[in-house]
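I have placed the structure first, in the form of structure tokens, so that the comments after it can refer back to it.
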Amino acid sequence: MLINSVQRPNFLLSKIIDLQDFTYASLVFHHIPRPNEYAFNVMIRGLTTTWRKYSHTLHFYFQMKNLGLKPNNFTYPFLFISCANLLALSHGLAAHSSVFKIGLDVDGHVSHSLITMYARCGELGSSRKVFDEIRVRDLVSWNSMISGYSKMGYARDAVELFDEMRDEGFWPDETTLVSVLGSCGDLDDIGLGRWVEGFVMENKMELNSFMGSALINMYGKCGDLVSARRVFDGMVTKDVVTWNAMITVYAQNGLSNEAIMLFNGMKEAGVNPDKITLIGILSASASIGALDVGKWVDTYASERGLQDDIYVATALIDMYAKCGSIDSALRVFEGMPLKNEVSWNAMITALAFHGQAYEALSLFERMSKEGEDASPNEITFVGVLSACVHAGLVDEGRRLFDLMSLSFGLIPRIEHYSCMVDLLARAGHLHEAWDFIEKMPEKPDEIVLGALLGACQKRKNVDVSQWVMQLLQDIKPTSSGNYVISSKIYANLRMWDESAKMRALMKQRGVNKTPGCSWIEIDDQILEFHAGNDINLSSPKVFQVFDLLNEEMKREGYIPKVDCL
Numbered sequence: 016m017l018i019n020s021v022q023r024p025n026f027l028l029s030k031i032i033d034l035q036d037f038t039y040a041s042l043v044f045h046h047i048p049r050p051n052e053y054a055f056n057v058m059i060r061g062l063t064t065t066w067r068k069y070s071h072t073l074h075f076y077f078q079m080k081n082l083g084l085k086p087n088n089f090t091y092p093f094l095f096i097s098c099a100n101l102l103a104l105s106h107g108l109a110a111h112s113s114v115f116k117i118g119l120d121v122d123g124h125v126s127h128s129l130i131t132m133y134a135r136c137g138e139l140g141s142s143r144k145v146f147d148e149i150r151v152r153d154l155v156s157w158n159s160m161i162s163g164y165s166k167m168g169y170a171r172d173a174v175e176l177f178d179e180m181r182d183e184g185f186w187p188d189e190t191t192l193v194s195v196l197g198s199c200g201d202l203d204d205i206g207l208g209r210w211v212e213g214f215v216m217e218n219k220m221e222l223n224s225f226m227g228s229a230l231i232n233m234y235g236k237c238g239d240l241v242s243a244r245r246v247f248d249g250m251v252t253k254d255v256v257t258w259n260a261m262i263t264v265y266a267q268n269g270l271s272n273e274a275i276m277l278f279n280g281m282k283e284a285g286v287n288p289d290k291i292t293l294i295g296i297l298s299a300s301a302s303i304g305a306l307d308v309g310k311w312v313d314t315y316a317s318e319r320g321l322q323d324d325i326y327v328a329t330a331l332i333d334m335y336a337k338c339g340s341i342d343s344a345l346r347v348f349e350g351m352p353l354k355n356e357v358s359w360n361a362m363i364t365a366l367a368f369h370g371q372a373y374e375a376l377s378l379f380e381r382m383s384k385e386g387e388d389a390s391p392n393e394i395t396f397v398g399v400l401s402a403c404v405h406a407g408l409v410d411e412g413r414r415l416f417d418l419m420s421l422s423f424g425l426i427p428r429i430e431h432y433s434c435m436v437d438l439l440a441r442a443g444h445l446h447e448a449w450d451f452i453e454k455m456p457e458k459p460d461e462i463v464l465g466a467l468l469g470a471c472q473k474r475k476n477v478d479v480s481q482w483v484m485q486l487l488q489d490i491k492p493t494s495s496g497n498y499v500i501s502s503k504i505y506a507n508l509r510m511w512d513e514s515a516k517m518r519a520l521m522k523q524r525g526v527n528k529t530p531g532c533s534w535i536e537i538d539d540q541i542l543e544f545h546a547g548n549d550i551n552l553s554s555p556k557v558f559q560v561f562d563l564l565n566e567e568m569k570r571e572g573y574i575p576k577v578d579c580l
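Residue numbering for the sequence shown follows the working numbering, beginning at 16 and increasing consecutively.
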């Protein structure tokens, strides 16, 4: 075209967009002497849908206006989609005003993208207003609003609008059903979810990865893992999205072994894991301490250039910390080019729970000064207060608790009160700990009350323990540990009648003592065993390791506290 002086740049530009070469397309566009509305619209469409360079879309839109060109119904839908992805509400509002002035608010494509933009920006009221003002609604109109409700967590509204849509005589398509399935999971409405699956089967709709993964996720959220696996196994073609859905369902429902076994099956099937897969498997590995699997993921992420992804790196920190490898967690953290609040919080919490309280507090100070876009939030303070608990730093804990509201404008929640109760209880300030319980904005949970009850046992305190036990019996009457500890407190003080009453009450209510449970990893297989059960392990080396650990613990001076059993 250049050699033969064929001057058809707009035709060429639209073809180059299909080639997905951003650099080449930009070069051709900037060599057009006087680009018109068509050329700008082609670039804006490509920037939004092909390259997803949403900030560039806004730049081209403003450049277009500065040149005196008029954006039209081919410009605004892509502009609003870009505003939605950038959460650029102010630009979206200004563009909506322009649309209204030139009468494009009646255009269907413009209205649908406006609904999406307002929904993504959290303005569901404005989104619904645009929807209600559409004179003649088609299926895309309904899908845009239902999807907006579903993705922003307004599950009940999404389902109600779906019912209204069917009453109006519209036939749902794949997009409608996927949005509704997401809402079914959020509402734990397995009945509607099963209706959707039946509708798909009856109408012979394709069970592709889009629909299949939505069904798997819905059943997973509703706790029906058998149905989730049935859908997964029934899919002829499984891509990475489908595998991710099933792995995530297992991981989120505490079936970490199954998640890891499915992950191994995914690799055998020749499907390459992506970052979503890695995050799910790292979560499963962290839950059961499968360090070898976590290390494989770390190596794989490094080889694929995913180690710098902020979500993968944060999941690696969490996995290494929960598997006891705090040095590896620190290595990943320090190697992150970008860190958000979740990354900082994961590392602070990891240090706290590994007893490195001063390192956790030092990292908190560093976050406060160097965090750039990441500033301490409620979760950060749970981490640093936990550090104080583990190190017995009562005064520092009090200072940090006050700092939350005074310096950061955060309102302490039940988790922060719980940390303070635990901190004070361990230090022997039992009455002050009880005062914190009475100041809590909500009822305390069994964990914090159990910690205070345990401290009462250690300090042989009766009055606070009686107050705590009364609360515990109201909150968690089926927890065996609370009865046992209370009985021990009375027994240690030779209050035999009261001790016997606790044991009798436990028996009367049919409460059984929960046996201790642990896991061991042998050749990439996780085995679970309970206290009091025989361990049928094939290798005698396992018992040799147990014996070795016992000997090392004795040399370190560990003496089992059998009176707490």
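Glycine residues also receive a C-beta, built at the ideal position from the N, C-alpha and C atoms.
Bear in mind the structure is a predicted one, so any value in this text is a computation, not a measurement.
Pairing M334 with W359 gives a Cβ-Cβ distance that is not under 8 Å. For M160 against R135, the beta-carbon gap comes to about 13 Å, at or over 8 Å, which does not count as contact. With fewer than 16 neighbouring CB atoms inside 10 Å of its own CB, M216 falls in the exposed class. According to the DSSP assignment, V404 belongs to the alpha helix (DSSP H) that extends over 393-406. For C338, the three-state secondary structure derived from DSSP is coil.
Its Cα nearest to that of A103, the residue G137 stands out among N88, G137, G572, L82.
For E430, the enclosing alpha helix (DSSP H) starts and ends at 429-441. The secondary-structure analysis by DSSP pairs C532 across a beta bridge with H545. Taking a contact as a CB-CB distance under 8 Å, the pair V479 and L445 counts as one, their CB atoms being some 5 Å apart.
In this structure, the beta-carbon distance from A402 to A367 falls below 8 Å. Nearest in C-alpha terms to K454, of all of E179, D204, S433, is S433. Around the C-beta of C532, fewer than 16 other C-beta atoms lie within 10 Å, and the residue is accordingly described as exposed. The three-state secondary structure of V526, taken from DSSP, is coil.
The beta carbon of D254 is closer than 6 Å to those of S224 in its chain, skipping five residues each way along the sequence.
Approximately 15 Å separates the beta-carbon atoms of A274 and S228; this is outside 8 Å, ruling out the contact. Around S141, the same chain offers Y133 as residues with beta carbons nearer than 6 Å, after the five sequence neighbours per side are excluded.
Ranked by Cα distance from A365, the options F379, E221, Y69 are led by F379. As the crow flies, the alpha-carbon of D204 is around 15 Å from that of L176. For G208, the CB contacts under 8 Å within the same chain, skipping 5 residues up- and downstream, are L196, C199, G200, L230, M233, Y234, C237 in chain order. For H106, the uninterrupted alpha helix (DSSP H) segment begins and ends at 104-116. Its Cα nearest to that of K85, the residue Y53 stands out among F423, Y53, L108, T257. A direct Cα-Cα distance of roughly 17 Å separates D489 from K522. Nearest to V241 by C-alpha distance, out of I332, A519, N268, I291, is N268.
Straight through space, the alpha carbons of K458 and P92 are spaced by roughly 49 Å. Secondary structure at Y315: helix, using DSSP grouped into helix, strand and coil.
Classified as buried, K337 has 16 or more neighbouring CB atoms from the shown chains inside 10 Å of its CB. For N56, the uninterrupted alpha helix (DSSP H) run begins and ends at 52-60, by DSSP.
With fewer than 16 neighbouring CB atoms inside 10 Å of its own CB, M16 falls in the exposed class. Taking C-beta atoms under 8 Å as the contact rule, A406 and A372 qualify, at a distance of about 3 Å.
The alpha-carbon separation between V399 and S128 amounts to approximately 44 Å.
Within the same chain, and ignoring the five residues on either side of I294 in sequence, the residues whose Cβ sits closer than 7 Å to its Cβ are Y326, V327, A330. About 6 Å separates the beta carbon of P391 from that of F423, a gap short enough to meet the 8 Å contact definition. By the Cβ neighbour-count rule, S162 is buried, with 16 or more other Cβ atoms within 10 Å of its own. Straight-line measurement puts the Cα of M276 at about 13 Å from the Cα of L542.
DSSP, read as helix, strand or coil, puts I462 in helix.
Taking the C-beta atoms as reference points, S502 is found no nearer than 8 Å to K528.
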